[in-house]
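Student: Residue 56 in this note's numbering is what sits at position 56 of the sequence shown, and the numbering runs on without skipping anything. Dropping the structure in here first, questions after.
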Amino acid sequence: MVQLIVGREGKGKTKQLLDKVNAEVKDVAGNVVYLDKGTKHMFELNNRIRLINVTDYMISNSDGFLGFICGIISQDHDVQQMYFDNFLKIACLQNGDIEDTIEKLETISKEFNIDFVLSISLDEHELPENIKSKVIVSL
């Protein structure tokens, strides 16, 4: 399943994402991965959560990002949840169509039984119609 936390920059999406991942890691049997554009939030995450700084891996487009996600999954068959902070930046989608990438994440989710939670710096009314149903928090 793919879930979205949406709102403009500075509205508190990262705090919502951190609260959610830290609350859910207690009930998850598998591994939890948190992807971000830096390591700023390292000490705010439960020590069971793997933080990955995506900028260390030379990802330059959304297809490269999806390949990166699949690489993580292929190396750790116990991944159960993945959280993406600053999704538009880490997935190289600042000016791109997010619909296709989110649909591909939904396919990956179903294939490998992994839940994705994305923080997106857009207002809910700016999202394509067919992904608005994935919004769990709108700020």
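Glycine included, C-beta positions come from ideal geometry on N, C-alpha and C.
Helix, strand or coil for residue 53, going by three-state DSSP, please let me know.
Tutor: Strand, per DSSP.
Student: Determine contact between the segment 27-38 and the segment 81-93, defined as no fewer than three beta-carbon pairs at a distance below 8 Å.
Tutor: Touching, yes.
Student: Does the Cβ of residue 40 have 16 or more other Cβ atoms within 10 Å, making it buried, or fewer, making it exposed?
Tutor: With fewer than 16 Cβ atoms within 10 Å of its Cβ, residue 40 is classed as exposed.
Student: Residue 81: buried (16+ other C-beta within 10 angstroms of its C-beta) or exposed?
Tutor: Flag for residue 81 reads buried.
Student: For residue 91, count neighbouring C-beta atoms within 10 Å of its own C-beta (all shown protein chains included) and say buried if the count is 16 or more, exposed if not.
Tutor: Result: buried.
Student: Considering only the beta carbon of each residue, do residue 4 and residue 108 sit closer than 8 Å?
Tutor: In this structure, residue 108 does not lie closer than 8 Å to residue 4 by Cβ.
Student: Tell me which residue opens and which closes the beta strand (DSSP E) that residue 184 is part of.
Tutor: The structure shown does not extend to residue 184, since the chain is modelled only from 1 through 139, so no value can be given for it.
Student: Cβ atoms of residue 114 and residue 79: under 8 Å apart, would you say?
Tutor: Yes. Within cutoff.
Student: What are the complete alpha helix (DSSP H) segments, minimum 4 residues, inside the segment 63-122?
Tutor: Entirely contained in the segment 63-122, the alpha helix (DSSP H) runs reaching 4 residues are, in chain order, 87-90 and 98-112.
Student: Could you please give me the residues that DSSP links to residue 35 through a beta bridge?
Tutor: According to DSSP, which records beta bridges pairwise, residue 35 is partnered with 52 and 84.
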